[in-house]
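Student:
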Amino acid sequence: MEHTETQIEKVSRWIEKVTLNDIPEEVTKLAKFQSVDCISAICAGHRSHIGQKIYQGFKRKNETGDILILSTGELWCLKDSVYYHSAMINALEMDNFSFMGHLSQSAFSTAWAMAYRNNISFENFLLASIVAQEVSGRLSAYLSSGPLQGHMRSFIHRVAGAVVVTKIYGCEASVIANAIAIALSGPEFYMIPSSFSADTKVTSTSSATIEGINSGFLAMEGATGALDILEHPAGFVAMFSYLNFVPEFWRKIGSTWVMESISFKYYASCGYAQGPVNAALSLKKRYPRIELDEIEEIDVYTPLLSVVLENFSIPHYRSGLTQVNVNFSTKRSLALAILYGEPNGDFFGHQELETHYEAIEKLAQKIRIRHSWKLTIEMIKGFDKSINYPGYPGVFGMSDSQKALKRTRQVYQNRSLFEWHDIVQLATLPKGYFSYLFLRYFNSLKGKYIYKNKKSHEQDLSKMEFKIGAEVIIRFKNGTEAKDSCDIPRGFAGDKDKLHAVIEKFDRETFAVLGEDKALKIKNLFLYTGNQKFKVLIDDIFKIIRTETFIKHH
1 MEHTETQIEK VSRWIEKVTL NDIPEEVTKL AKFQSVDCIS AICAGHRSHI
51 GQKIYQGFKR KNETGDILIL STGELWCLKD SVYYHSAMIN ALEMDNFSFM
101 GHLSQSAFST AWAMAYRNNI SFENFLLASI VAQEVSGRLS AYLSSGPLQG
151 HMRSFIHRVA GAVVVTKIYG CEASVIANAI AIALSGPEFY MIPSSFSADT
201 KVTSTSSATI EGINSGFLAM EGATGALDIL EHPAGFVAMF SYLNFVPEFW
251 RKIGSTWVME SISFKYYASC GYAQGPVNAA LSLKKRYPRI ELDEIEEIDV
301 YTPLLSVVLE NFSIPHYRSG LTQVNVNFST KRSLALAILY GEPNGDFFGH
351 QELETHYEAI EKLAQKIRIR HSWKLTIEMI KGFDKSINYP GYPGVFGMSD
401 SQKALKRTRQ VYQNRSLFEW HDIVQLATLP KGYFSYLFLR YFNSLKGKYI
451 YKNKKSHEQD LSKMEFKIGA EVIIRFKNGT EAKDSCDIPR GFAGDKDKLH
501 AVIEKFDRET FAVLGEDKAL KIKNLFLYTG NQKFKVLIDD IFKIIRTETF
551 IKHH
């Protein structure tokens, strides 16, 4: 019987052979900044209320090990350290994301633990993290139309864990392929009620990452998986997407890089709330003493996804406001920014946090989120700069997006892609906007009914712009109003100053946990270390934390 090579087998050959010399210098640089950004998120998450619950839960287990915990200097076992670091990156929506998903929760956490344990060079730590994200990010991008959204996509983290382990251990392609196949054999199926309000959102990436690591070790011992799990008619694509075809997930791997599309969240709020928060903080600079009772109402104009996702953050059964449904909600994040300033680790680490929730909810009730087709089209244009055949099935396909919206509408009664009352707004768009949207939608129909083999895919991810913009208008009871807008949120793809934002965020979030001197040393080690043995690097960090911060925390 003739053997046709599966997609998993093909990409595994690339994983085996790729070296740091194959990776552009800019990609390696971005990976270093991503590592620094992950440490920021871990430190911020550690002092949050849910972060402390998770930390104390693991302390109660009282299991020591050989992997350094970045926020405390303790040594934990491999699985606990990966679980904890993954959760802390996820805790406050202060992570980073790329084409197309929240990738570092698994890639960084696993690479950190495995590299520290195996005494590999810092460069090989970066290589494993980069390669894992090139593989997992593309798998996520082509499955954006599916039942799992955002951090719910457990398969990202399973695949990343498996790739990091097998890459660091120098496995052959056959072993890597089986590790990926095992990882994809039964991904966790996170549900919306547990993912956007409850504390369980924070740990949604952790268990999957651990199972990815297990998959790698199982494959190294000869365990096998279904290598055609992607292509099989009853396999992964059939179960985890609404697609009627199997995409070529890794067709462009190695020719353009997921890391080049990275966006860094500067504030502790959902990516789709970052635009409104940026605009609100610009307003607060001009009106530093805005009082709740002075505000009549607030209108926020956003792209479509911000409108749709707002209903996901409805407080779960008997909960009220939580850390999760505050920083995932555009309305509550906006209210927080107007009343208290930056949503950050300092705010969410406040011991009297619940005392602020009443005011946040009162102001949130005065906020109306309105869809702006202008902002939606600008967001689409920003994506389309990095892909070919925009609108066709594949990456960001119009018909695929409609399928996902229809599914959520059944539960949340939110809007569909097009509605009758949009006609007036569409007719008044700036020149060229409506024709761009129409052509893109027409392409989706051509791809569905005429050119069925024509698919969109990533072309040059360095050109991606994540224009999740917003316009905020505050109307006061005295009849006056104030407004501001945001084009590209600070730190996002397309922000020319995003690496500076990473540094500012690192200083803001780590100084409170590690102290300024220690934090700056760690930052310099991650940004400027070359081909030094990883153990030497981490031992240096360990000495810094163990002799000073460790004593402080314990």
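In UniProt numbering, the protein residues as written are 1 to 554. C-beta atoms are modelled at their ideal positions from N, C-alpha and C, and glycine is treated no differently. Here the structure is a predicted model, which means the values were calculated and not measured.
Would you please state the rounded distance, in angstroms, between the beta carbons of residue 338 and residue 363? I believe it to be under 8 Å.
Tutor: For the purposes of this step, residue 338 is identified with residue 338 of the sequence shown, where counting begins at 1. For the purposes of this step, residue 363 is identified with residue 363 of the sequence shown, where counting begins at 1. Contact holds; Cβ gap of about 7 Å.
Student: Give the DSSP-derived three-state secondary structure of residue 121 in the structure shown.
Tutor: Looking up residue 121 in the sequence shown gives position 121. In the structure shown, residue 121 sits in a strand (DSSP, three-state: E or B).
Student: Does DSSP put residue 55 in a helix, a strand or coil?
Tutor: Against the sequence shown, residue 55 aligns to sequence position 55. Helix at residue 55.
Student: Between 221, 198, 151 and 166, which has its C-alpha nearest residue 188's C-alpha?
Tutor: Within the sequence shown, residue 188 is the residue found at index 188, counting from 1. Selected option, being the one with the closest Cα: 151.
Student: Are residue 173 and residue 5 touching if we call contact CB-CB under 8 Å?
Tutor: To locate residue 173, count along the sequence shown from 1; it is residue 173. To locate residue 5, count along the sequence shown from 1; it is residue 5. Not closer than 8 Å, so no.
Student: Take the Cβ of residue 387 as the centre, count every other Cβ of all protein chains shown within 10 Å, and call the residue buried at 16 or more, exposed below.
Tutor: For the purposes of this step, residue 387 is taken as residue 387 along the sequence shown, with counting starting at 1. By the Cβ neighbour-count rule, residue 387 is buried, with 16 or more other Cβ atoms within 10 Å of its own.
Student: Between the C-alpha atoms of residue 538 and residue 116, what's the straight-line distance to the nearest angstrom?
Tutor: Counted from its first residue, the sequence shown places residue 538 at position 538. Counted from its first residue, the sequence shown places residue 116 at position 116. Taking the straight line from one Cα to the other gives about 7 Å.
Student: Measure the alpha-carbon distance for residue 170 versus residue 521 and round it to whole angstroms.
Tutor: Within the sequence shown, the letter at position 170 stands for residue 170. Within the sequence shown, the letter at position 521 stands for residue 521. The straight-line gap from Cα to Cα measures roughly 31 Å.
Student: Start and end of the beta strand (DSSP E) containing residue 440?
Tutor: Looking up residue 440 in the sequence shown gives position 440. Run containing residue 440: none in the beta strand (DSSP E); it sits in the alpha helix (DSSP H), 433-449.
Student: Using the beta-carbon count (16 or more within 10 Å), is residue 552 buried or exposed?
Tutor: Stepping through the sequence shown from its first residue, residue 552 is reached at position 552. Unreliable positioning characterises residue 552 in this predicted model, as indicated by a pLDDT of 41, which lies under 50. The coordinate reading is nonetheless provided below. With fewer than 16 Cβ atoms within 10 Å of its Cβ, residue 552 is classed as exposed.
Student: Give the straight-line distance between the Cα atoms of residue 291 and residue 374, rounded to the nearest whole angstrom.
Tutor: Looking up residue 291 in the sequence shown gives position 291. Looking up residue 374 in the sequence shown gives position 374. Their Cα atoms are separated by approximately 31 Å.
Student: Just verifying my parser: in three-state terms, what is the DSSP assignment at residue 98?
Tutor: Here residue 98 is taken as the residue at index 98 of the sequence shown, counted from 1. Reduced to three states, the DSSP call for residue 98 is strand.
Student: Just to confirm before moving on: does the CB-CB distance between residue 161 and residue 203 stay below 8 Å?
Tutor: Working through the sequence shown from its first residue, we reach residue 161 at position 161. Working through the sequence shown from its first residue, we reach residue 203 at position 203. For residue 161 and residue 203, no; Cβs fall outside 8 Å.
Student: Report yes if the CB atom of residue 534 is closer than 8 Å to the CB atom of residue 122, and no otherwise.
Tutor: Along the sequence shown, one-based indexing puts residue 534 at 534. Along the sequence shown, one-based indexing puts residue 122 at 122. With respect to residue 122, residue 534 sits close: the two C-beta atoms are nearer than 8 Å.
Student: Tell me, which residues are paired with residue 76 by DSSP?
Tutor: Counting from 1 along the sequence shown, the entry for residue 76 is found at position 76. In DSSP, residue 76 forms a bridge with 64.
Student: Give the straight-line distance between the Cα atoms of residue 247 and residue 455, rounded to the nearest whole angstrom.
Tutor: Taking the first residue of the sequence shown as 1, we reach residue 247 at position 247. Taking the first residue of the sequence shown as 1, we reach residue 455 at position 455. Answer to the nearest angstrom: the Cα atoms are 8 Å apart.
Student: Jot down the residue ranges of each uninterrupted beta strand (DSSP E) in the segment 173-219, minimum 3 residues, whole runs only, in chain order.
Tutor: none
Student: Could you give the DSSP three-state label for residue 299: helix, strand or coil?
Tutor: To locate residue 299, count along the sequence shown from 1; it is residue 299. The answer is strand: DSSP assigns residue 299 an E or B state.
Student: Do you know whose CA, among 80, 394, 11 and 263, lies nearest residue 466's CA?
Tutor: For this step, residue 466 is matched to residue 466 along the sequence shown. It is 263.
Student: Using a Cβ distance threshold of 8 Å, determine whether the segment 32-46 contacts the segment 475-486, with at least three qualifying pairs required.
Tutor: no
Student: Just to confirm before moving on: does the CB-CB distance between residue 200 and residue 194 stay below 8 Å?
Tutor: Your numbering for residue 200 matches position 200 in the sequence shown. Your numbering for residue 194 matches position 194 in the sequence shown. Yes, the pair counts as a contact, with Cβ atoms nearer than the cut-off.
Student: If you count every other CB in all the chains shown that lies within 10 Å of the CB of residue 431, and 16 or more means buried, which is it?
Tutor: Along the sequence shown, read from residue 1 onward, the residue named residue 431 stands at position 431. Burial check for residue 431: the Cβ neighbour count within 10 Å stays below 16, so the residue is exposed.
Student: According to DSSP, what are the bridge partners of residue 311?
Tutor: Numbered from 1 along the sequence shown, position 311 holds the residue referred to as residue 311. In DSSP, residue 311 forms no bridge with anything.
Student: Taking only the alpha-carbon atoms, compute the straight-line gap between residue 100 and residue 278 and give it to the nearest angstrom.
Tutor: By 1-based counting over the sequence shown, the position of residue 100 is 100. By 1-based counting over the sequence shown, the position of residue 278 is 278. The alpha-carbon atoms of residue 100 and residue 278 are separated by roughly 22 Å.
Student: Compute the Euclidean distance between the alpha carbons of residue 559 and residue 305, then round it to the nearest angstrom.
Tutor: Nothing about residue 559 can be read from this structure; the chain reaches only from 1 to 554.
Student: Here's a check: name, in chain order, each residue in its chain whose Cβ is nearer than 6 Å to the Cβ of residue 183, leaving out the five neighbours to either side.
Tutor: Walking along the sequence shown from the start, residue 183 turns up at place 183. Cβ within range, chain order: 158, 159, 162, 212 and 215.
Student: If you draw a straight line from the C-alpha of residue 251 to the C-alpha of residue 461, how long is it?
Tutor: Here residue 251 refers to the residue found at position 251 when the sequence shown is read from its first residue. Here residue 461 refers to the residue found at position 461 when the sequence shown is read from its first residue. Their Cα atoms are separated by approximately 14 Å.
Student: Using only the heavy atoms of the ligand SAH, determine whether one of them is closer than 7 Å to the beta carbon of residue 29.
Tutor: Although the ligand SAH was asked about, the structure shown includes no ligands whatsoever.
Student: Assuming residue 32 and residue 527 are in contact, meaning their beta carbons sit under 8 Å apart, how far apart are those beta carbons, in whole angstroms?
Tutor: Taking the sequence shown and counting its residues from 1, the one referred to as residue 32 is at position 32. Taking the sequence shown and counting its residues from 1, the one referred to as residue 527 is at position 527. Between residue 527 and residue 32 the Cβ distance is about 5 Å, and since that is below 8 Å, they are a contact.
Student: Nearest CA to the CA of residue 258: which residue from 512, 334, 140 and 178?
Tutor: The residue you call residue 258 lines up with position 258 of the sequence shown. Distances from the alpha-carbon of residue 258 to those of 512, 334, 140 and 178 put 140 closest.
Student: Helix, strand or coil for residue 395 per DSSP?
Tutor: As a first step, residue 395 must be located in the sequence shown, where it is residue number 395. Correct three-state label for residue 395: coil.
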